[in-house]
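S.K.: Numbering (the working numbering), first residue to last: 321 to 521.
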Amino acid sequence: MLIEVAGVRVPVGRATEAARLVCEEYADEALYHHSVRSYFFGAAWAEARGLDFDRELFFVSALLHDLGLVPPFDSHTLSFEEAGGHLARVFTAGLGWPTERRDRAAELIVLHMRDDVAPEVDVESRLLQVGTSADVSGAGLEAFDPSFTDTLVGAYPRLGFAKSFVRLFQDQAERKPGCAAAQLVAGEWAERTVSNLLDQG
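1. Strictly by DSSP, which residues pair up with Val328?
2. Which same chain residues end up closer than 7 Å to Arg424 when comparing Cβ atoms and leaving out the 5 residues on each side of it in sequence?
3. When you compare each of Asp348, Glu402, Ser381 and Val437 to Phe481 by their alpha carbons, which one comes out closest?
4. Is Gln449 helix, strand or coil by DSSP?
5. For the stretch 341-402, which segments carrying the alpha helix (DSSP H) assignment without a break, of at least 4 residues, lie completely within its bounds, in sequence order?
6. List the whole-angstrom C-beta distance separating Val437 from Gly405, where the pair is believed to meet the contact cut-off of C-beta under 8 Å.
7. DSSP three-state call for Leu407: helix, strand or coil?
8. Determine the direct distance from the alpha carbon of Leu428 to that of Ser381, and round the result to whole angstroms.
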């Protein structure tokens, strides 16, 4: 894994390496790349605004945030982000993280599918929202220099991510009609996602 893309660095350590290994093992390559790009988008957004953030917490949460969509962790009763939050709590318990920090990892994952969080209220949650929104539907891409996005997509290619991700959300919506993914699918989210400018290069 590249530890730096366009000047934005990945934290180095046991937790981040473990999160990378788990994501790479359980997600397909397109979803793995999305998770990594989400970190880089969020971190770049923070750095451009001079925001201090917990880089390790954010990276771990970004790499785990969509694993509730993959069969081994998919729940038939919980939304994928809630299932992913529970996965994060178990994963970080194995790292020896204290309860409060484990709760924070779960919180970031759940909140990435909720209404926007102000960075002054919860900076790491806002960064995951920014990173995932830019990478999935292109929301907020104008905040990033095109040279950064080109370098990032070059390092972690899209690999047909948009269409495969829409199918994952459509499956969630069909099986869990009350979830946040279903609300997105009911609107114009799918059209925005497959029209993401990141896929037009």
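Glycine is no exception: its CB is placed at the ideal position from the N, C-alpha and C atoms.
M.R.: In brief:
1. Val325
2. Leu377
3. Asp348
4. helix
5. 349-368 and 375-384
6. Incorrect: roughly 15 Å between the Cβ atoms, too far for contact.
7. helix
8. 7 Å
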